[in-house]
Amino acid sequence: MNTGARSAEAARLAPPEATVRVMIADDNLNHVTTTALLLGAEGYDVRGLPSGITLLEQFEAFRPHVVILDIEMPALTGYDVARALRKNAKATDVLLIAVTAHNTQTDRFLSRLAGFDYHLAKPLDPNAVVALVRDYLSGKRPPRVHVIQDRDPAA
17 MNTGARSAEA ARLAPPEATV RVMIADDNLN HVTTTALLLG AEGYDVRGLP SGITLLEQFE
77 AFRPHVVILD IEMPALTGYD VARALRKNAK ATDVLLIAVT AHNTQTDRFL SRLAGFDYHL
137 AKPLDPNAVV ALVRDYLSGK RPPRVHVIQD RDPAA
């Protein structure tokens with residue numbers, strides 16, 4: 017995809033006059049709080065949630081541009097939530113970011129199959145998430161690309 021098309025995609029996702037809405041679901045409250053504070057400082061409207069179930073319940077009312085999901089959550093995994101969102105016609109343009117301690121080649125493949133755009137490995141620098149969202153929305157990164165922070169050189 018060329019730079020002009022990426023910029024058009026980013027503009028369609030989050031027009032300049034709109035507030036970018038981000039949902040974060042993770043059962044680790046520290047991760048949610050830290051990432052939400054950093055994204056909020058960028059001017060984004062952030063909703064941090066303790067579970068994927070809660071995210072799905074609030075998704076249509078909040079209408080996020082970006083969803084950040086932990087993979088290992090009780091009841092519904094991040095994979096389950098990503099698959100449900102990708103089946104929702106109102107979520108086809110949402111940027112989905114997996115944040116997980118699982119970073120083998122199989123884990124990255126499963127993220128891709130579930131519909132995630134990015135797979136980021138823990139331990140995660142929350143500033144990396146902020147930069148990814150900022151760059152994506154400004155058109156600096158192509159949509160639907162699988163980026164890996166490789167913490168496991170053997171994978």
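Count the sequence shown with my numbering and you get residues 17 to 171, in order. Virtual Cβ for every residue (Gly too), placed ideally from N, Cα, C. Because the structure is a prediction, the values reported are computed rather than measured.
In this structure, DSSP gives TYR60 a state outside helix and strand, which the three-state scheme calls coil. Here VAL83 has MET39, VAL110 and LEU112 as same chain residues with Cβ atoms under 6 Å from its own Cβ, once five neighbours each way along the sequence are excluded.
Only residues of its own chain outside the window of five on either side were considered, and among them ILE40, ASP42 and GLY64 have a CB closer than 6 Å to the CB of VAL48, listed in chain order. A direct Cα-to-Cα measurement between LEU53 and PRO142 gives close to 10 Å.
Selection PRO80, LYS156 and ARG99 evaluated against ARG128 yields ARG99 as nearest (Cα-Cα). In the three-state reduction of the DSSP assignment, ALA147 falls in the helix class. For ILE69, the enclosing alpha helix (DSSP H) stretches over residues 68-78. Looking at the DSSP output, ILE40 sits in a beta bridge with GLY64 and ILE84.
For GLY56, same chain residues with a beta-carbon under 7 Å away, outside a window of 5 residues either side, are VAL62 in chain order. Straight across, the Cα-Cα distance linking ALA144 with THR116 is about 14 Å. The beta carbon of ARG102 sits closer than 6 Å to those of GLY131, all from its chain and outside the five residues before and after it, given in chain order. GLU58 is a Cβ neighbour of VAL146, given a cutoff of 9 Å.
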